[in-house]
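*Asks:*
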Amino acid sequence: MELTVLGCSGSFGAAQANACSGYLVRSGTTAIWIDCGGGSFGNLQSHIDPEDLTAVVLTHEHPDHVADIYGLHVLMRYGICSQNFPVYTPEGLPTQLGALVHNDWGDTFDWRVISDDQKIVIGDLTLTFARTDHPPLTYAVQVEGDGRRMIYTSDTGPKWSVGAFAPEADLVLSEATYLHSAKLSETHLSAHEAGLAARAAGAQRLMITHLWPRVDANDAVVEATESFGAPVEFATPNLVTSV
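Numbering (this note's numbering), first residue to last: 941 to 1183.
The structure is reproduced here in structure tokens:
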């Protein structure tokens, strides 16, 4: 199973062409784009032809996780002429997104609702969802394939933990929006909290993402490493790694 980081900036895009949240997970012939944050679609096309995507998963409604679904829609509707492409979302999200396109999606997308503790099989990958501690309806995603397992926290505050899934994941991809000493909101994690949660869950590897654009990534990695108790990776855009 392979993870490609398409964007890691939290809330809005950062300098040096750092896109918002987007991740491509692949196994065999299966390719799933998880979260379509602004700028991530351009990076995606450096790694895969959109025609080869198997499905899209949107974890919640915030623009830094969904903005590029509109670009995908235009390409698939008018360029590829795709029909019934699977897009998995929390309940109600297609209607919210549809307000900007007069709810005229054509038959391009097949919208499918996800829910807490739901397990679905998409090609060679198995996904399980868990509701997080974030104001809109938000789901973390566990992805299993090739005998490996990764957990993507999406957005969450500290009242939810990756411990909601089975322990000892091969990789935890965790939001780490703030440094702990300058935390602006309890609806997100600090790098310190991300490290603590991953350590408590027995994660084999921790990669932090969704940094507030004014946070220095090196400082966040140092903070998360101290609480995780082992080296922590940063979700650098266009990074490709085996899980």
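Glycine residues also receive a C-beta, built at the ideal position from the N, C-alpha and C atoms. All of these numbers come straight from a predicted model, not from anything done at the bench.
Report all residues from its chain with a CB closer than 6 Å to the CB of Q1082; omit the five preceding and five following residues, and keep chain order.
*Replies:* T1068, I1091, F1105
*Asks:* Going by other Cβ atoms of all chains shown within 10 Å of its Cβ, with 16 needed for buried, is C960 buried or exposed?
*Replies:* buried
*Asks:* Give the range of the alpha helix (DSSP H) segment to which R1139 is assigned.
*Replies:* 1131–1140
*Asks:* Apart from the five residues just before and just after P1171, which ones in its own chain have a Cβ nearer than 8 Å to its Cβ?
*Replies:* T1165
*Asks:* CB W1051 to CB T1029, shorter than 8 Å?
*Replies:* yes
*Asks:* Give me the Cα-Cα distance between L1040 and G1011, rounded to the nearest whole angstrom.
*Replies:* If you draw a straight line from the Cα of L1040 to the Cα of G1011, it is about 12 Å long.
*Asks:* Check whether the Cβ atoms of E1126 and G1097 sit closer than 8 Å, and answer yes or no.
*Replies:* yes
*Asks:* Should N983 go down as buried or exposed, given a rule of 16 or more other Cβ atoms within 10 Å for buried?
*Replies:* Counting the other CB atoms within 10 Å of its CB gives N983 a total of 16 or more, which places it among the buried residues.
*Asks:* Based on DSSP bridge pairs, tell me the residues matched to W973.
*Replies:* L964, V996
*Asks:* DSSP three-state label for L1040, please.
*Replies:* Note: L1040 maps to helix in three-state DSSP.
*Asks:* Alpha carbons only, please: which of S1055, L1113, V997, L1077 is nearest the one belonging to C948?
*Replies:* L1113
*Asks:* With DSSP as the reference, label R1052 as helix, strand or coil.
*Replies:* Reduced to three states, the DSSP call for R1052 is strand.
*Asks:* Taking C-beta to C-beta, are G1032 and D1008 nearer than 8 Å?
*Replies:* no
*Asks:* Considering Cα atoms alone, identify which of E1084, A1157, G1085 is closest to E1115.
*Replies:* A1157
*Asks:* Please classify Y1018 as buried or exposed, where buried requires at least 16 other C-beta atoms within 10 Å of its C-beta.
*Replies:* exposed
*Asks:* I need the boundaries of the alpha helix (DSSP H) containing F936, first residue and last residue.
*Replies:* Shown here, the chain extends from 941 to 1183; a query on residue 936 therefore has no answer.
*Asks:* Compare the Cα-Cα distances from R1089 to each of E1001, G1063, V1183, S1130 and report the closest residue.
*Replies:* V1183
*Asks:* Check A1104 in the structure and name its three-state DSSP category.
*Replies:* helix
*Asks:* Verify the contact flag: F1069, CB atom, against every heavy atom of the ligand HEM, threshold strictly below 7 Å.
*Replies:* Annotation note on the ligand HEM: not contained in the displayed structure, which lists no ligands.
*Asks:* What's the gap between the Cα of G1063 and the Cα of I1020?
*Replies:* 21 Å
*Asks:* With 16 other CB atoms within 10 Å as the buried threshold, where does D1047 fall?
*Replies:* It counts as exposed.
*Asks:* Taking L1111 as the reference, which of E1133, A1175, A955, D1057 has the closest Cα?
*Replies:* A1175
*Asks:* Between K1099 and the rest of its own chain, which residues show a CB-CB distance below 7 Å, the 5 nearest in sequence each way excluded?
*Replies:* Answer for K1099: D1073, listed in chain order.
*Asks:* Smallest Cα separation from L1037: which of V1061, H1002, P1026, I1060?
*Replies:* H1002
*Asks:* Enumerate in chain order the residues of its own chain whose CB-to-CB distance from L1119 is below 7 Å, with the five nearest sequence positions on each side excluded.
*Replies:* S1130, A1131, V1155, D1159, A1160, E1163
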